[in-house]
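K.L.:
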Amino acid sequence: MKLHFDRALVARLLAHAEAATEHSPTLEQLYDPAFLKAGVTTRDPAPSDIDGTKVPAGLMLVGDQGIYLMSNGCPALPDENGKANLVAYAVEADPEKHPDDWSEVKAAAFGGDDGAEFLGADAIRKALEATAGGRFWMNVSPSRISTPYLAPRPKPKRARPGVRKTCA
């Protein structure tokens with residue numbers, strides 16, 4: 001399902017994540033040994049066992065009361081009312097704008113369970129570039145998340161110095 005987000009807000013969230021020196025892990029990252037503090041060897045880590053400087057910058061795609069993006073940067077980016085996390089709701093799954101429909105959209109796109117998926121900063125930046133001039137979007141299903149991106153442009157071929165092409 002294609003979900004649309006406020007482009008400027010997504011860019012602001014990404015800038016926050018990239019500027020932060022520490023990042024919050026998703027549940028999946030919590031159990032990745034690569035993010036544990038030195039000397040921690042537990043199979044059941046707590047958030048305090050994570051070295052936030054090892055977690056990469058990015059956004060979390062969250063499905064719970066709607067579907068939204070949030071920065072994983074620490075400290076959290078407060079919203080205009082001072083709440084802990086500024087979020088960018090998917091237009092189609094915003095509980096305030098669609099109080100009767102958001103849960104069906106959330107279930108169809110994200111699945112029945114709540115959770116958070118990590119989206120790396122590079123992927124978000126490429127998707128912002130690919131959707132420039134329009135609304136930021138991504139395709140989300142319970143088994144796959146994809147973002148648009150621009151394919152690299154081939155370098156133009158240049159004639160070797162001193163060689164001129166001529167018509168026959």
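According to UniProt numbering, the stretch in the sequence shown is residues 1 to 168, in order. Virtual Cβ for every residue (Gly too), placed ideally from N, Cα, C.
1) For the 8 angstroms Cβ check, are there 3 or more pairs between the region 47-62 and the region 104-124?
2) Quick one: Cα of H98 to Cα of G133, how far?
3) Which class does S146 belong to by DSSP, given the choice of helix, strand or coil?
4) From the DSSP output, in three-state form, read off K165 for me.
5) In whole angstroms, give me the CA-to-CA distance for P95 and V105.
6) Within the same chain, show all residues whose beta-carbon is closer than 8 angstroms to that of V10, passing over the 5 residues directly before and after it, in chain order.
7) To the nearest angstrom, how far is the alpha carbon of I145 from that of F110?
8) Using a Cβ-Cβ cut-off of 7 angstroms (strictly less than) and excluding sequence neighbours within five positions of A130, which residues of its own chain qualify?
P.N.:
Working from what's here:
1) yes
2) 25 angstroms
3) strand
4) Note on K165: pLDDT 46, under 50, position unreliable in the model; the coordinate value appears next. Coil, per DSSP.
5) 10 angstroms
6) L59, L69, A88, I124, L128 and F136
7) 9 angstroms
8) Counting only residues of its own chain and dropping the five nearest sequence neighbours on each side, A130 has a CB closer than 7 angstroms to the CB of P148, Y149 and L150.
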